[in-house]
Every structure is written in C-alpha cells, then in structure tokens.
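Going by full-length UniProt numbering, the first residue of the sequence shown is number 1, and it counts up by one from there. Don't be surprised by glycine CBs; every beta carbon is placed ideally from N, CA and C.
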Amino acid sequence: MFIQQPFDEFLGLQYERIDEKSVRVVLPIKRLYLNSLGVVHGGIISSLADVAMCNTIEADENNIQKVVTVDLNVTFLKGAKGDCLLAHAHLVKEGRNLTHADCLIYDEEDQLIAKAKGVFFNNS
Numbered sequence: 001m002f003i004q005q006p007f008d009e010f011l012g013l014q015y016e017r018i019d020e021k022s023v024r025v026v027l028p029i030k031r032l033y034l035n036s037l038g039v040v041h042g043g044i045i046s047s048l049a050d051v052a053m054c055n056t057i058e059a060d061e062n063n064i065q066k067v068v069t070v071d072l073n074v075t076f077l078k079g080a081k082g083d084c085l086l087a088h089a090h091l092v093k094e095g096r097n098l099t100h101a102d103c104l105i106y107d108e109e110d111q112l113i114a115k116a117k118g119v120f121f122n123n124s
C-alpha cells in the first residue's frame, strides 16, 4: 500500500514497491515544474525524494502515512531535464521512534540528479 494524498496526485507520481524496504517513484516532468533556467525546480525534486522515502514504510490500511518528516537533506548534483525523474528510496533503519531512509534520483538517461537522506518520526 502507498500513501494517497492530493499533493502526490497533483505531481502525477507513479509508485512501484521493489522489496519490503525499497520503492521506486516516477515523476513525469511537466512544464509547470521548471524554473527560469529550464530545469526542474529544487522544491519539486525535494518533494519527490521526501515522498519516495516516506513510502518505504507502507501506509496503513486506509492509505494514511505512518511517518512524518523531521529532517530532510537533499544534495543537487545536476540540473534535471527530460520527460521524467526516477527516485529510488531505501529504508536504512526503522527504530521505535525514528526511521532513516536514503534516496537517489535519476533522469531517464540514468544520470544521477540528486541524492537525499531523511529522518522520519514514526507517527503510528
């Protein structure tokens, strides 16, 4: 199960569970997401990473997220252009109160665009 919320639907995200600790999220790039330089805005890339990492923890039976972000670090490595971005997120450690996850974001040519790490509070 994946988190269902209007923001994710607005972005047009497509989810795939790779295994119990990993997800792949595809973001189709829309013109609306580009900054004045013609590359995907950093806030969109950060949102993609955040959503992907949150979904490494399965949603509850009502598709409500079980974690909330307490720390998000995104390093941008290259300007993102093209038709889509692919986020590969992996659960690093799930503790009693905090969950740690990593995420790598690629363009459709498999070039690394950004890397992220996050800490999430276990809300359930």
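DSSP state of G38 mapped onto helix, strand, coil: Coil, per DSSP.
Sequence-distant residues of its chain with Cβ nearer than 6 Å to M53 (five each side left out): Closer than 6 Å at the Cβ level, and outside the excluded window around M53, lie A89, A101, C103 and G118.
Three-way DSSP call (helix, strand, coil) for I3 in this model: Residue state, collapsed to three classes: coil.
Contacts around V26, its chain only, beta-carbon distance under 6 Å, and the 5 residues preceding and following it disregarded: In chain order, Q14, C84 and L86 place their CB closer than 6 Å to the CB of V26, counting only its own chain and leaving out the 5 sequence neighbours on each side.
Buried or exposed by the 16-neighbour rule on C-beta atoms within 10 Å, applied to F2: Around the beta carbon of F2, a 10 Å sphere encloses 16 or more other beta carbons of the protein chains shown; the residue is thus reported as buried.
Identity of the residues DSSP links to S22 by a beta bridge: Paired residue(s): D19 and H90.
Any 3 or more C-beta pairs closer than 8 Å across the segment 44 to 58 and the segment 109 to 116: These segments touch.
Identity of the residue in I29, N97 and K81 nearest F10 by Cα: Considering only alpha carbons, the answer is I29.
Chain D contact for I18 (CB, 8 Å cutoff): No chain D is part of this structure, which consists of one protein chain only.
Cβ-Cβ distance between N123 and V67 below 8 Å: Here N123 is near V67, since their CB atoms are less than 8 Å apart.
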